[in-house]
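In order, the protein sequence lines correspond to chains A and B.
Converting from the first sequence to this note's numbering requires adding 22 to each position, the first position being numbered 1.
Converting from the second sequence to this note's numbering requires adding 4 to each position, the first position being numbered 1.
Using N, Cα and C, we set each Cβ at its ideal position, and we do this for glycine too.
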Amino acid sequence: MIPELGHFALALALALSLAQAVLPLWGAQRGDARLMAAGPGLALGVLIAVGSAFGALLWCFAVNDTSVSNVVQNSHSAKPMLYKLAGAWGNHEGSMVLWVLILALCGAAVSGFGRGLPGALRARVLAVLGMIGSGFLAFILATSNPFLRVWPPAADGQGLNPVLQDPGLAFHPPLLYLGYVGTAVTFAFAIAALIEGRVDAAWGRWVRPWALASWSFLTLGIALGSWWAYYELGWGGYWFWDPVENASLLPWLAGCALLHSAIVVEKREALKTWSVLLAILAFSMSLLGTFLVRSGVLNSVHAFANDPERGVFILALLVVTVGGAFALFAWRAPSLSPTGVFAPISREGALVLNNLLLCTIAAVVLAGTLYPMFADLMLKAKISVGPPFYQATVFPLAVPLILAMAAGPLMAWKRARPWPVLQRLWWAALAALVAVLVVWLVQGKPVLPALGFGAAIWLILGALTDVAERVALFSRPRAAFARARGLPRAAWGGAVAHAGFGISLLGMAGMGLATEKLAAVRVGESVALAGYEWRLDGVRDVVGPNWAGRRATVTVTRDGAPVTVLEPEKRNFPIARQATTEAAIHTTWASDLYAVMGEEENGTATLRLHHNPLAPWIWLGAAVMALGGGLSLSDRRARVGAPARRRAAGTVEA
Amino acid sequence: MSGAVADRRGGLGLAASRRRRRLWVLLLCGLGLGGAAALALTAFQDNLVFFRSPSDIVASAPVDGRAFRLGGLVEAGSVVRDGAEARFRVTDGAHAVSVSYRGVLPDLFREGQGVVTLGKMGPDGAFRASEVLARHDETYMPPEVMDALKRSGHWNPEQGAAPPAAGWNTMQPAGATNGQPARTGG
């Protein structure tokens, strides 16, 4: 009964969504206030319908309803409740329902928070969101119904893929989807602006919070995924330039560019056309990411196993959405009014540089991600593009980006003089240079980590300088505290986010100095790595709720003093017929001690040991970046909205 | 006063500087795109990793020192562990190549399973793998491996699951053998 109700709720949501796609838009074109006013109600209806469907799905997983095919394939009665529930979105069908649920939430949020929006703009935004929602709901109903029944019911489920049974991964998809779907809202704003033929400061002010929120969630989602890969896959790395990882990085890059260009739209009414284009690009990247992950064209650890029918459907959705958006852009963009002027060296100029570099990086990553597919189809060659490609292309592009990142916020709007900016940053530059030299002299050969440390110091000190300048810490130190309290949260947010990126870079540079060792050791023997002694004390059997495995005990000492005891495991999941490797990690913040157990034979166990300097800072930095986004989001301006638009519109009409 | 002057000159000055700014932006865009394209192309040239099946390696010896990916099925009975080093043979049914790997083998590494390895050819004709990828799913067959098996004529996926690896080297390719006796490369 419950699954049927869920299915019905999805169909109802599709019908409401279609109405949401048509009625408000029609009303806005005709100037019919009643039709326009239907938008918020319909958006709320869609939210309730999709929410019920999602609730029904959760229910099926919670009670382990084995007459539902999705539950049979992805769940098992022996699983802990958290993973039963997480299993609801840990599979293709359920994750698409989550996607649509978040979209519906965004739609309701636009109608709720958007009371200050001009009626026509809100109606059009809601209509575009309705179109996207209809597309995805049709996709779910046509190709991936999560409520499909099986007859006869199975005795029990087959279990969720054990590598996915992890708290990090339980929350990774929802966060990532919040980010993905956030780009749908900025996209809807862009399309609405194109239909209206008007982009102004108020538009920038409305788009920016959404861009910020979406970017912050993407940052968190990507970081969580990377952290999960680090501790769960047991490969000792945090980013593999895997196509699915790239698929989440692409909208992040485009969204990052958009949230910066939206500042220029809001403050200076410049870069309007460009921002609209970026909003379209960011959503296109989100859709492309969805397509790449869902269609099975990718060959990746993360990819869901799929059938081509779904791929064709999403590809069609992608082509219609992106093609339509670009056609509309080509048609309407020239009618957007010309923009404010600025000199090449100015805050705007720095933001343009930021945008160009971010987009170029996105283009390069996109090329690397899609080329193997292209080569397979066109040249019949089986090719893969590995990390060296991305390192060779992304790193050189990141250098000017990082240089400009610290200097940009110190520049004046409209026209800046480079000299005073450099004067204020000389100490940061000096410190960065010293860091590079010290690391290079101490660690020797690989020059990249040294440069990474320099870049991190440069960014963190640059952000500090930015804040210090704004509160006049050095010129009028006594008033600094009061000024700091009065500083807009957006200014704090920017500085915090930039510093967060610096912190992440610090971690990545540290990981550049990581060392590892592979050894076959007998019980009692020890291995030396990075100044630590790692002694294998024993291997024993362990039994978990739905697995059985072997656990090694590795005692780590430094100069005879005990540091920690690591217990890496190998687990066997009989129900899912899978095995996983559980890495053991001890973090001292200065570094991670990381141990993985391999094969056992004749009393000898293979151990892979890693010493990863500064590794935790990578994800900590990402959290700080997201915090910066949140701070900026809590700025009064973002909450109050944009009264300017209504006044301006009023004077035009008067 | 000066404001009035600026206002009078505003239209012309604005348009001119707007044009100049657009020029700047276009120039920057061109530079950025050109630079990125150049970067990407050179990086592509050096860093593309080709996939080869054992038959490909036997047909044309790979260039020394260049990394590539080798994939196929792990030949039954070929896995030998020697401390932290593992040696095994990868076969596509027509030919097999010896592989050596220092590291922890993936959880689902089994004889008879599809596997993709990344590495270089050693001087002794054995493949030195730096990475071994077997998936986290027992039923998963890497697409490249599937393709290699199809090309060597040993498996038509429409007729069911791949035959057990033990039989791979005694089978005759289903199609024409293009005149060459199937031999196991080394």
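Worksheet entry | Sequence-distant residues of the same chain with beta carbon closer than 8 Å to Trp435 of chain A, five excluded per side | Lys289, Arg290, Phe364, Ser368, Arg369, Glu370
Worksheet entry | Host beta strand (DSSP E) of Gln600 of chain A (start-end) | 600 to 604
Discussion item. Check whether the stretch 484 to 502 of chain A and the stretch 525 to 543 of chain A are in contact - that is, three or more C-beta pairs closer than 8 Å.
Written reply: no
Worksheet item: What are the start and end residues of each continuous alpha helix (DSSP H) run of 4 or more residues lying completely inside the stretch 253 to 328 of chain A, in chain order?
Response: 265 to 290, 294 to 317
Discussion item. Determine whether the beta carbon atoms of Ala429 of chain A and Gly484 of chain A lie at a separation below 9 Å.
Written reply: yes
Fill in: Gly582 of chain A classed as buried or exposed, judged by whether at least 16 other C-beta atoms fall within 10 angstroms
It counts as exposed.
Fill in: Secondary structure, alpha helix (DSSP H): runs of 4+ residues fully inside the stretch 466 to 550 of chain A
As far as the stretch 466 to 550 of chain A is concerned, its whole alpha helix (DSSP H) runs of at least 4 residues are 469 to 492, 502 to 508, 511 to 533.
Fill in: Complete beta strand (DSSP E) runs within the stretch 54 to 119 of chain B (minimum length 3 residues, chain order)
72 to 78, 84 to 86, 89 to 95, 100 to 106
Worksheet item: Using a Cβ-Cβ distance under 9 Å, would Gly107 of chain B count as near chain A?
Response: yes
Discussion item. Looking only at its chain, what residues have a beta carbon closer than 6 Å to the beta carbon of Val323 of chain A, apart from the 5 residues adjacent to it on each side?
Written reply: Model confidence at Val323 of chain A stands at a pLDDT of 40, short of 50, so the residue's coordinates are unreliable; what they give is reported in the following sentence. Excluding sequence neighbours, Val323 of chain A sits near nothing in its chain.
Item to complete: Evaluate Ser357 of chain A with the Cβ neighbour count: other Cβ atoms within 10 Å of its Cβ, from every protein chain shown; 16 or more gives buried, anything less gives exposed.
Response: Classification for Ser357 of chain A: exposed.
Discussion item. Suppose contacts are defined by Cβ-Cβ distances below 9 Å. Is Val576 of chain A in contact with Leu629 of chain A by that definition?
Written reply: yes
Worksheet item: Is Gly76 of chain B close to chain A, meaning its C-beta is less than 9 Å from at least one C-beta of that chain?
Response: So no, Gly76 of chain B is outside the interface.
Worksheet item: Out of B:Gly38, B:Cys33, B:Leu27, which has the shortest C-alpha to C-alpha gap to Asn376 of chain A?
Response: B:Cys33
Discussion item. Could you tell me the alpha carbon to alpha carbon distance between Trp296 of chain A and Ala206 of chain A, rounded to whole angstroms?
Written reply: 17 Å
Fill in: Other residues of its chain near Arg500 of chain A: CB distance less than 8 Å, five sequence neighbours each side excluded
none
Practice prompt. Could you name the residues of chain A that Val29 of chain B contacts, counting a contact when the two beta carbons are closer than 8 Å?
Written response: Val374
Worksheet item: Are the beta-carbon atoms of Ala506 of chain A and Phe239 of chain A separated by less than 9 Å?
Response: no
Worksheet item: For Leu280 of chain A versus Val221 of chain A, is the C-beta distance shorter than 9 Å?
Response: no
Practice prompt. Grab me the residues of Leu455 of chain A's own chain with a C-beta within less than 8 Å of its C-beta, minus the 5 sequence neighbours each way, in chain order.
Written response: Gly476
Worksheet item: Terminal residues of the continuous beta strand (DSSP E) containing His633 of chain A?
Response: Looking at the DSSP string, the run of the beta strand (DSSP E) that includes His633 of chain A is 626 to 635.
Worksheet item: Ends of the beta strand (DSSP E) at Met619 of chain A?
Response: Where Met619 of chain A is concerned, the enclosing beta strand (DSSP E) stretches over 613 to 623.
Worksheet item: Ends of the beta strand (DSSP E) at Ile405 of chain A?
Response: 405 to 407
Item to complete: From the DSSP output, read off the bridge partner residues of Lys124 of chain B.
Response: According to DSSP, residue pairing for Lys124 of chain B in a beta bridge involves B:Arg132.
Practice prompt. Closer than 8 Å by C-beta to Gly204 of chain A: which residues in its own chain qualify, once you throw out the five before and the five after it? Chain order, please.
Written response: Cys128, Trp232, Ala233, Ala235, Ser236, Trp237, Phe239, Leu240, Gly277
Worksheet item: Fully enclosed by the stretch 195 to 251 of chain A, which alpha helix (DSSP H) runs are 4 residues long or longer?
Response: none
Worksheet item: With Ala60 of chain A and Gly49 of chain A assumed to form a contact (beta carbons below 8 Å), what rounded beta-carbon distance in angstroms separates them?
Response: 7 Å
Worksheet entry | Buried or exposed (CB count within 10 angstroms, at least 16 for buried), Leu27 of chain B | exposed
Discussion item. Using CA atoms only, rank isn't needed, just tell me which of A:Cys381, A:Thr312, A:Leu303, A:Leu486 is closest to Gly345 of chain A.
Written reply: Residue A:Leu303 is the option with its Cα nearest to Gly345 of chain A.
Worksheet item: With 16 as the cutoff for other CB atoms within 10 Å, does Leu558 of chain A come out buried or exposed?
Response: Leu558 of chain A comes out buried.
Worksheet item: How is the alpha helix (DSSP H) around Val93 of chain A delimited, first residue to last?
Response: 91 to 96
Discussion item. Quick check on Gly408 of chain A - is its C-beta less than 9 Å from some C-beta in chain B?
Written reply: yes
Worksheet entry | Minimum Cβ-Cβ distance from Glu115 of chain A to chain B less than 9 Å | no
Worksheet item: From this set, A:Ser99, A:Leu551, A:Ala606, A:Val90, which residue's C-alpha is nearest His1 of chain A's C-alpha?
Response: There is no way to answer for residue 1 of chain A, as the model of chain A reaches only from 23 to 676.
Worksheet item: Counting only beta-carbon atoms, is Arg132 of chain B nearer than 9 Å to chain A?
Response: With its beta carbon at least 9 Å from every one in chain A, Arg132 of chain B lies outside the interface.
Practice prompt. Using alpha carbons as the reference points, say which of A:Val549, A:Pro590, A:Leu69, A:Val93 lies closest to Leu80 of chain A.
Written response: A:Val93
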